[in-house]
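Chains as they are written, first to last, in my numbering: chain A, 34 to 445; chain B, -6 to 234.
Here's the structure, in structure tokens; my notes come after.
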Amino acid sequence: MLLSENFLLALRALKANTLRSALTMLGIVIGVATVVALLAIGNGATASITSDIEGIGSNLITVMPGRQTISMHNSTQTQTSYLYFSDYETLSKRVVSNVSGISPAFSSSYKIKYGSESFQVSVTGVTEDYFPVRSYDIETGRGITESDNDARSRVAVLGAQTAGDLFGNLNPLGKDISVNGVKFQVVGVLQAKGSSGFDNPDDVVLIPLETGYAKLFGSAALKDGKQTLSVILLSADTSEAVDSVIGQSEYLLRREHDIAPDEESDFNISSQADFLSAINTVTQTLTIFLGAIAAISLLVGGIGIMNIMLVSVTERTKEIGLRKAVGASKDQILLQFLIETMTLSVLGGLIGILFGVSIAWGFTILGLITSIVSIGNILMAFTFALAIGLFFGIYPAYRAASLHPMEALRYE
Amino acid sequence: MILAENLSKVFAMGENEVRALDGASFTIGGGEMVAIMGPSGSGKTTLMSIIGCLDAPTGGRYVLDGEPVESLGENELAAVRGKKIGFVFQQFNLLARTSALENVMLPQLYAGATMKERAERARKALERVGLGDRMDHNPNELSGGQQQRVAIARALVNEPSIILADEPTGALDSRTGVEIMSLFQSLHRDNGQTVILVTHDSYVARHTDRIIRLSDGRIVSDEKNPNPIKAGAPRPEEGIQ
């Protein structure tokens, strides 16, 4: 007896009870559809976050203040440490190889005002290098220049969203805005980058760093009379050079900060790659978690199939007896019922894949998330459905095959 | 050709043993038409199971066409059943929602015939029982007598050495029962087919050449029936060839 004949036999048996077969299949359909859709959406989310982060500049290295452990008598205390403008000067003088840009920045949140509109926005003092290092492009006007810093000019460059919120359809160039009561003239607007979900690169006000120290930040940017920084950004010229630049910077800053070899650094240096891999770990964990939940629904579907097949074996006891009487062996009965279960789960799996892909496309079309349907995930879901059919089919098939032919024939 | 020697079958029922068959010996030659009779509980169903290779005896010897089958395993017994035994049951046991032709093709499915062979042989078997014009009908579109004929065609299709019929007229009215008996007699007379009828009805039994009577798992008599009842001729519109 051929496999294809077994398959036709199975189709026929399932067709004899169409509604029941469809309801049984529904469990697998929902399970597989959920697995496929959730994985596609999870992958899409991961990819979109990754591309956002890469958009910030994939060779970007960030130096931020860390924590300092201070031992006093019997207790230890941790406190936030500081990065100084002098650290930037050290790095920019000494780290020469493989660096395409280095930019100091001090950020603080201020109320900005134009006319009757006012918002709380992050205001960042920067140098001209900030633009290439952060991969910011100018939409209109110009960026912050060296001479702005030298002259401590009160000029500002607005993020795309900030400009829109503040000015609407008006041309912001040349207009004066008030930042914490200090007047700045808008000289440029940045191109929109799109939100990365963590900080919004389009909702910023950039001003010359020296102007900020002199006229805006005041004592917030001073520590023991020295000018401090929120961050120093470095851009390696290639992705291979990232580690070398990190190494050089760490060495120089530890020397600058007088840190003993056995002490921990009071600053953090991280690359986008570190950040990316951390994010990927999170999103992958999330995707696996969602997939696991979907897998549970597949499992429930499988139990549903087993339940129905057991009912079906009982109902068809006489038929099984007859098949045995006309020469069907135990193995042939086993195979017949196993193939019936697997047909159910595979059909359910195929329909589930169609549904899952449709749901994923729906998310893309609605603009919620650009989902990514991978062949690997589809195959995985399909294999899972097949395995469920096999696993939950064996017991009912075994029950059918083990029936005593004479008792089965006489079963009422 | 059947050779049974001291066949016994013991069922364990909790702590008790039930001897459903207790040392039955007989031979049935090729081409014989025999009735196995007995009241319910006499062991005739058990004996039929063993003759039909549906079950193995717990003791004794059973040789079918020269092949000892008493110690065969489940799968081997299935192969012997498919090849040598054609069953006819009281309740017909046809597959529902399945045409007469496909019902008759079923035994060949397990015998490994090709699709073409199956249809060809099933058609011939249906013609033999006079249902050449009902092949595409499902069981629920056929009368009881016609359903039993489909079942007989199914029993014939693998050309078995024995047709084993369990109360074949039990679910039919007397007139249709006569037709079915007539069909069995014609298979026996014209084709030399071995037919074994299992029945509790002595009227049915008297249509055969030999009657074996069972009681309490033992054979109490085994006699020739010199003047079997000749079943009435079939009605012309359902003409049997």
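C-beta atoms are modelled at their ideal positions from N, C-alpha and C, and glycine is treated no differently.
What you are looking at is a predicted structure, and each value in this text was computed from that prediction instead of being measured.
Using a CB distance cut-off of 9 Å, A49/B does not count as an interface residue toward chain A.
The contact set of F80/B on chain A, defined by CB atoms closer than 9 Å, consists of L355, A358, V359 and L442 in chain order.
Here L0/B is near S18/B, since their CB atoms are less than 9 Å apart. By the beta-carbon neighbour count (other beta carbons within 10 angstroms, threshold 16), T416/A is exposed.
For M339/A, there is no enclosing beta strand (DSSP E); the enclosing alpha helix (DSSP H) covers residues Q305 to E348.
Contact check between the region 112 to 121 of chain B and the region 372 to 388 of chain A: fewer than three CB pairs, one atom from each, fall below 8 Å, which does not count as touching.
Within the same chain, Cβ atoms closer than 8 Å to the Cβ of A112/B are found at L94 and M98, the five residues on either side in sequence being excluded. The alpha-carbon of G75/A is positioned some 24 Å away from that of G335/A.
Looking at the DSSP output, P241/A bridges to V159/A. For E172/A, the CB contacts under 7 Å within the same chain, skipping 5 residues up- and downstream, are A193, V222, L223 and Q224 in chain order. In the three-state reduction of the DSSP assignment, Y55/B falls in the strand class. Cβ contact annotation for G22/B (same chain, cutoff 7 Å, sequence separation greater than five): M(-6), in chain order.
Note: M26/B is bridge-paired with V188/B in the DSSP secondary-structure output.
Contact between Q139/B and L87/B fails: their C-beta atoms lie close to 10 Å from each other, not under 8 Å. Under DSSP, the beta-bridge partners assigned to E150/A are Y147/A. At least one CB of chain B lies nearer than 9 Å to the CB of M439/A.
DSSP lists I265/A as the bridge partner or partners of P137/A. Taking 9 Å as the cut-off, the Cβ atoms of P98/A and N301/A count as close.
Measuring C-alpha to C-alpha distances from S151/A to each of G214/A, V190/A and I94/A identifies G214/A as the nearest. A check of alpha carbon separations from R185/A across L249/A, L203/A, W394/A and S168/A identifies L249/A as the nearest. In the three-state reduction of the DSSP assignment, T83/A falls in the helix class, which pools H, G and I. DSSP, read as helix, strand or coil, puts N202/A in coil. One finds E67, N68, A71, A72 and Y103 in chain B with Cβ atoms closer than 8 Å to the Cβ of S362/A, taken in chain order.
Note that the C-beta distance between S404/A and A70/A is below 9 Å.
With respect to the 9 Å criterion, D166/B and D15/B are not classified as neighbours on the basis of their beta carbons.
K363, D364 and Q365: these are the residues of the region 363 to 390 of chain A whose beta carbon lies less than 8 Å from some beta carbon of chain B, given in chain order.
Here D129/B has S92, A93 and L94 as same chain residues with Cβ atoms under 8 Å from its own Cβ, once five neighbours each way along the sequence are excluded. Bounds of the beta strand (DSSP E) holding E172/A are I171 to G174.
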